[in-house]
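FYI, in this note's numbering the residues of the sequence shown are 1312 to 1544.
Even glycine gets a Cβ: it sits at the ideal position worked out from N, Cα and C.
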Amino acid sequence: MPRVGRVVLPNYPHHVVQRGHNRQVVFAAAQDYQRYLTDLRELKDVFGVKVYAYCLMTNHVHLLLAPGDSVAGLGQLMKALAARATRYRNRLEGRSGTLWESRYKSSVVQSDAYLLACCRYIELNPVRARMVVDAADYPWSSYRVRLGDVPDSHWLDADPCFVALGDTAIERRHQYEAFISQAIPADEIRLIREALQRGQLTGTNRFVDEVERIVGLRIEQRGQGRPRIDSVK
């Protein structure tokens, strides 16, 4: 079966996952995580890509990225991040070879209905993996950065849905904390996972129709009853 072409759209958020080669460990110590985040902070500006959310797990990364007018920035960012991490690991271990799977997975995300849902999905990865009890206890995700709980938190881009949660930083924080604490519907988790695995779109049927008109291609086979994400109350 031919490989599905990647759908990348300018100024749209994209849920991106890159895994270690054969699921090998890519972050073994605190300095490994910190180095990747330092590179992410630097390179996002180089390639004109916004970072809305992230979570670095032991053998893979989740990123919520939005390229600017040039869609090439997304791929250039991922290539540069992977290359720097590979050189660092190879130098550290005195080895050569690849560190990552050859092709990262990505899914274009519908901003109004699913952007916050994807942020929540990404930042709750360590909780689902039972590494921590609370998202705030995990130091290598964007959750505490988003809420301003760590120094130099200004580098994370504020997505429009997060900004719309309130008129002040305190109000937005409280609303998002409440959103994170809600149980995630099983249909929402399944939709996000399947869209990412298949390189499809994370959104409603109407959103899929809209993107298909933009790119002029049939993107996915859709089932019935895809869930909508309710607004945060």
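Taking C-beta atoms as the reference points, H1371 and Q1342 fail to come closer than 9 Å. Rounded to the nearest whole angstrom, the CA to CA distance from Y1432 to K1355 is 22 Å. When L1392, Q1345, A1446 and S1418 are compared, the shortest CA-CA separation from A1489 is found for A1446.
With 16 or more other Cβ atoms from the protein chains shown falling within 10 Å of its own Cβ, A1506 counts as buried. Looking at L1367, P1471, R1414 and Y1487, the one whose alpha-carbon comes closest to that of L1385 is R1414. As for any alpha helix (DSSP H) of minimum length 4 sitting wholly inside the region 1321–1400, the runs are 1341–1357, ordered along the chain. Judged by beta-carbon spacing, L1376 lies beyond the 9 Å limit of V1443, meaning their Cβ atoms are not closer than that value.
Residue pairing by DSSP leaves L1458 without any beta bridge partner. Selection E1523, I1525 and L1502 evaluated against A1424 yields L1502 as nearest (Cα-Cα).
For S1418, the three-state secondary structure derived from DSSP is strand.
Between the region 1333–1352 and the region 1379–1396 there are three or more inter-stretch CB-CB distances shorter than 8 Å, so the stretches are counted as touching. Secondary structure at L1512: strand, using DSSP grouped into helix, strand and coil. L1392 and E1434 have their C-alpha atoms some 20 Å from each other. In the DSSP assignment, S1452 is bridged to C1366. Around the beta carbon of W1411, a 10 Å sphere encloses 16 or more other beta carbons of the protein chains shown; the residue is thus reported as buried. Residues of the same chain with a CB within less than 6 Å of the CB of L1427, apart from the 5 flanking positions on each side, are C1472 in chain order. When C-alpha distances from S1381 are compared across R1441, I1481 and V1357, the shortest belongs to V1357. With a threshold of 16 other beta carbon atoms within 10 Å, S1492 falls short and is exposed.
Under the DSSP assignment, H1485 falls in the alpha helix (DSSP H) whose first and last residues are A1480 to S1492.
Note: W1411 is bridge-paired with G1331 in the DSSP secondary-structure output.
Taking N1436 as the centre and dropping the five residues before and after it, the same chain places the C-beta of C1366, M1368, H1373 and S1452 closer than 8 Å to its C-beta, in chain order.
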